[in-house]
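In the UniProt record's numbering, the protein residues as written are 1 to 740.
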Amino acid sequence: MGARSHNLSIIEAVETLSSIADLEFDREIGIAQQHELILQNEKVDYKTVHWLHQADAPSTVNLVRETFRVILHYLRNFYRKEYGYVTDQKTIEGIKTIMVLVGEAAKKLDRYTNIFHQTQKKSVTEFKEYKQLQEFYLSKIARKIDEGVLSKWILGLSIGKWKKQKAIEFKAAAPTSVESLAETQHVFVDLETVKKDTEYELFFIRKEDGTRFFSPRLLRNIKLVCDFGDYFGGHKGIDPLEGIKHWHDRVLHLCARNILKALGPRLQHFFHDIRKIKNQEIIVLLNKALLALLLSSHSQNLLRHTPIKSCSEYFEDFQSFLRELLHCRTYQKWLAYPPKETNQFAYELIEMVQVLCRSLYANLQGTEEMVPVVQRLIKEAGQTLTKEQQEEVGKSPIWKHLTNDYTAMAKLMKRHPNGPLLKVLTILEEDAFHVFDPLMQHNIPNQLYDLYVQEQRISHLRLAAPVYQEFINKAIVDEEFKSFIRLYNQATPIKKHLLINLQDRTSWREHARCAALEDLQHQPGMNNALYVVTLATDTDFYHQLSPYHQVNHVEPFVEQFKEHLKGEHSGFFFPECIERKAFAKFIDEVFPVIHRIFFSSKNVLQRENRLDFIEIFYLFLQLKLLEWIKPDSFSLTCKDGIDIGGAYSSELFVFLKLINGQELTQEDWEHLNFMLYAPSLLIRERVMLPERFNRMLSALKTIENAKLEVGAENFAAMLDIACAPLFETPILKSTLLLPR
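Put into structure tokens, the structure is as follows:
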């Protein structure tokens, strides 16, 4: 019997069966079909969905048959290659679960008699493909199945651990002060969202009533997709992220060395002074934290030396001890009631703790270890480009270069297709899903670059939301971040950090985190050193969705934009130190400049033009905020500092290079690639989300095209003249300095 090609992959077949088996009869269901289309020598993948209606009956029946054929084909392949020696009971049980899904799907489809009984006049179970699948399974595989392994695993994750914490959860009732979130009662994360990795934080966070955002059904689907992807995915080539544990270990090893360097002689003084005082809780915890840090900094504990405990594990210990210290009774008492001035040792301890926290946020460069790794991956990915594409890269504009690299990297990462799913499974299996806390979940901040303007050096930090969130309606700012800001506040003169918050304060998913950060700047010890601004990056207006999608004329679009910028209900928040008159004046002046220089004063702007307009305005606004606040450091902070924050950090970097007429050097390119790819690869095992990358890319293309249209010299002259009234300092001429 000749080999037969299939339109569906095993993963798509499993997902289709899961969707049908979970069908609710008051909802529609469709079966997706994958297609390929060649446009201008480029292969484009797309899907069509056949809804279960009479008009689509023949196509639907064919796709159901195809689904059964795909399952049968891969079960035969499994039987031939793997069956004889596979001992993993979860894998074997997973196959049984697939067959359960086949049966459940057939029963559900039979109930749609308006399609199947009228067109086929027989049950789905009478299809030849269904019978062949059942016969093969029962005769070849069923005897090896051990009942209940996968189902017990799922039950343990979704129910058992809930019972384990039941007393604690109900003792600490979920607060309801932020906003009413009744709508979350029936909200659950679905498989498609998990695959996209857009809302993974909901695996850590509870609803108001203490229940989870994921269900046993979702766990089953994730497990099946991962298992069957491993066995049947047919992924060719070496996994590009096979060394990720070693990369992570090396990064944290270097971070430990950065922190110890920042401590300087304080470390030796501490170990000398504690010989007389060893039993106080704060001394014990700080001693443990520093010892863990020292062990993490020791190169013999790198994974490549197969140590008993690795650098990354010691660094996690350091973080745990530091977190415990920050919440211990003595330290909190000292913050509320400062020790007597004669208690010099107490002040030295407080300073050491705050230096540790500052180093966590402002001094870490360990992630720079990923620069050569990213370059190697991009070089490897570039081999998948066509000869024409490779020739274009050297002479192409920046946006085209970025496009080719991203396309190649996305293709390369198909060898590691289930990264986000596997991350979720790891979280669940390690029982590590009780709270969303990026800092404690391997999302370590790092310094990206500095802006140097008028003798002032402004450090740009990559910073995830510095919060601890257990319930969807309440978030608490990390003590580490508070200590970092306190040290800024104690400096002479006072240092300042500008946190540009890119989370959606209008969404129930992110409102609590936004509120916690916005409120923090008003607390004692924070109000002179921290400034929080929130920009809307996920609203209907930002995406120009209905009712804004057809407002093509410039004047109403601009008026709508101004109206949104004025109100917090639209997703924006500005601190009181930014004068409303000055802000309104800036908006009135910068909008015409953007319209004239980047859009040739066109009266009509299509949706993609308006998206670019918003993006370019945000770049000018970020620079104006830096001029107004004059911070020592700033961050473009989204929930994890990976996608939205990463895109804006990279966009600002390229924007300043473009408007200053500077060519990107090889070092610049390497650092830009590092910013674009290292955080997402290291933390989420994927590339940056395509919608965020493409939004950045489109704006850069518009900026670069405007420059090419009039020439570099004319472009620079136009900007100088147009922007002179907008800025009081030469911040547009900022020198970019890379970390050393």
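From the three backbone atoms N, C-alpha and C, an ideal C-beta is built for every residue, glycine too. It should be emphasised that the depicted structure is a prediction, and the values quoted were computed from it without experimental measurement.
* Asked: For the beta strand (DSSP E) that contains R509, what are its first and last residues?
  -> Neither: R509 is in no beta strand (DSSP E) and is coded neither H nor E.
* **T97 versus V687 - alpha carbon distance** => Here the alpha carbon of T97 sits roughly 31 Å from the alpha carbon of V687.
* **contact_flag[the stretch 652-671, the stretch 567-575] where n(CB pairs < 8 Å) is 3 or more** => Two segments are said to touch when three or more pairs of C-beta atoms, one from each, lie closer than 8 Å; by this definition the stretch 652-671 does not touch the stretch 567-575.
* Counting Cβ pairs closer than 8 Å, one from the stretch 705-721 and one from the stretch 623-634, do we hit at least three? -> The answer is no - the stretch 623-634 does not touch the stretch 705-721, with fewer than three Cβ pairs under 8 Å.
* Nonlocal neighbours in the same chain, by C-beta distance under 6 Å from E615, ignoring five residues either side -> The beta carbon of E615 sits closer than 6 Å to those of A699, all from its chain and outside the five residues before and after it, given in chain order.
* To do: Could you check the C-alpha separation between W508 and Q521 for me, to the nearest Å?
  => Looking at the two C-alpha atoms, the distance is approximately 22 Å.
* E208 in three-state terms, based on DSSP -> Here E208 sits in coil by DSSP.
* **Burial state of residue 755, where buried means 16 or more other Cβ atoms lie within 10 Å** => Residue 755 lies beyond the range of the chain shown here (1 to 740); nothing can be said about it.
* **T735, DSSP secondary structure in three states** => In the structure shown, T735 sits in a strand (DSSP, three-state: E or B).
* Note down, in chain order, each residue of its chain lying with its Cβ closer than 7 Å to the Cβ of E667, except the 5 sequence neighbours on either side. => Setting aside the 5 residues that flank it on each side, E667 is surrounded in the same chain by L738, each with a C-beta closer than 7 Å to its C-beta; the list follows chain order.
* Asked: Who are the Cβ neighbours of S18 in its own chain at under 8 Å, not counting the five residues just before and after it?
  -> Around S18, the same chain offers L101, L191, R217, R220, N221, L224 as residues with beta carbons nearer than 8 Å, after the five sequence neighbours per side are excluded.
* To do: Label A512 either buried or exposed according to how many other C-beta atoms from any shown protein chain fall within 10 Å of its C-beta, with 16 as the threshold for buried.
  => Buried is the call here.
* Asked: Using the C-alpha atoms, what's the distance from M675 back to V371?
  -> Roughly 9 Å between the two C-alpha positions.
* Buried or exposed: where does K47 fall if 16 or more other Cβ atoms within 10 Å of its Cβ makes it buried? -> Caution is warranted here: a pLDDT of 45 is assigned to K47, below 50, making its placement in the model unreliable, and the coordinate value is therefore given only provisionally. Looking at its Cβ environment, which holds fewer than 16 other Cβ atoms inside 10 Å, K47 is exposed.
* 7 Å Cβ shell around S296 - same chain, five flanking residues per side excluded -> Closer than 7 Å at Cβ, skipping near neighbours: L252, H253, A256, C311, Y314, F315, F318.
* Locate the beta strand (DSSP E) running through T637, then write down its first and last residues. => First-last of the beta strand (DSSP E) with T637: 633-637.
* Considering only residues of the stretch 580-658, which uninterrupted alpha helix (DSSP H) runs meet the minimum length of 4 residues and lie entirely inside it, listed in chain order? -> Those alpha helix (DSSP H) runs which fall completely within the stretch 580-658 and span 4+ residues are 580-599, 607-629.
* **Residue of D197, F68, Y449 minimising C-alpha distance to K128** => The alpha carbon of K128 has as its nearest neighbour, out of D197, F68, Y449, the alpha carbon of F68.
* Are three or more beta carbon pairs between the stretch 515-534 and the stretch 553-561 nearer than 8 Å? -> The stretch 515-534, when compared against the stretch 553-561, does not touch it at the 8 Å Cβ threshold.
* Asked: Which residues in the same chain have their Cβ closer than 7 Å to the Cβ of A346, if we skip the five residues on either side of it in sequence?
  -> Shown here for A346: same chain residues with a beta carbon closer than 7 Å to its own, the five before and five after excluded, namely W334, P339 in chain order.
* Asked: Does the stretch 599-609 touch the stretch 454-474, meaning 3 or more C-beta pairs lie closer than 8 Å?
  -> Counting C-beta pairs with one atom in each stretch, the stretch 454-474 and the stretch 599-609 have fewer than three that are closer than 8 Å, which means they do not touch.
* Determine the direct distance from the alpha carbon of T407 to that of Q40, and round the result to whole angstroms. => Low local confidence applies: a pLDDT of 37 at Q40 is under 50, so the model's placement there is unreliable, and no value is given.
* Beta-carbon proximity of A717 to V593, cut-off 8 Å -> Contact check for A717 against V593 fails: the beta carbons are separated by 8 Å or more.
* Note down the Cα distance separating E455 from V435, rounded to an integer number of angstroms. => About 42 Å.
* So is S139 buried or exposed if we call it buried at 16+ other beta carbons inside 10 Å? -> The Cβ neighbour count for S139, taken over all protein chains shown within 10 Å, is under 16; the residue is labelled exposed.
* Asked: In its own chain, which residues sit with a C-beta less than 8 Å from the C-beta of L732, not counting the 5 before and 5 after it?
  -> Listed in chain order, the non-local C-beta contacts of L732 below 8 Å within the same chain comprise L623, L656, I659, N660, L719, C723, local neighbours out to five positions each way being set aside.
* Asked: Measuring CA to CA, which of I642, Y488, T539, H543 is closest to L530?
  -> If you compare the alpha carbons of I642, Y488, T539, H543 with that of L530, the shortest gap goes to Y488.
* Identify, in the order they occur along the chain, each residue of the same chain with its Cβ nearer than 8 Å to the Cβ of T729, setting aside the five sequence neighbours on each side. => Close CB contacts of T729 within its chain, under the 8 Å cut and outside five residues either way in sequence, are with V453, Q454, E627 (chain order).
* To do: Mind reading off the beta-carbon distance from H248 to H442? Whole number of angstroms is fine, and I expect it under 8 Å.
  => Taking 8 Å as the upper bound for CB-CB distance, H248 and H442 are in contact here, some 7 Å apart.
* Asked: Taking just the CA atoms, how far does L290 sit from H73?
  -> Between the alpha carbons of H73 and L290 lies a distance of about 56 Å.
* Is the beta carbon of L672 sitting closer than 8 Å to the one on S650? -> Yes, the Cβ-Cβ distance between L672 and S650 is below 8 Å.
* Where N446 falls: helix, strand or coil (DSSP) -> Strand at N446.
* To do: Let me know the secondary structure DSSP gives Y531 once reduced to three states.
  => Strand, per DSSP.
* State the Cα-Cα distance for the pair L535 and L502, rounded to the nearest angstrom. => The straight-line gap separating the alpha-carbon atoms of L535 and L502 is approximately 5 Å.
* Asked: Using the C-alpha atoms, what's the distance from S483 back to P265?
  -> Rounded to the nearest angstrom, the two C-alpha atoms are 20 Å apart.
* Asked: CA-CA distance, H269 and Q469?
  -> Rounded to the nearest whole angstrom, the C-alpha separation of H269 and Q469 is 36 Å.
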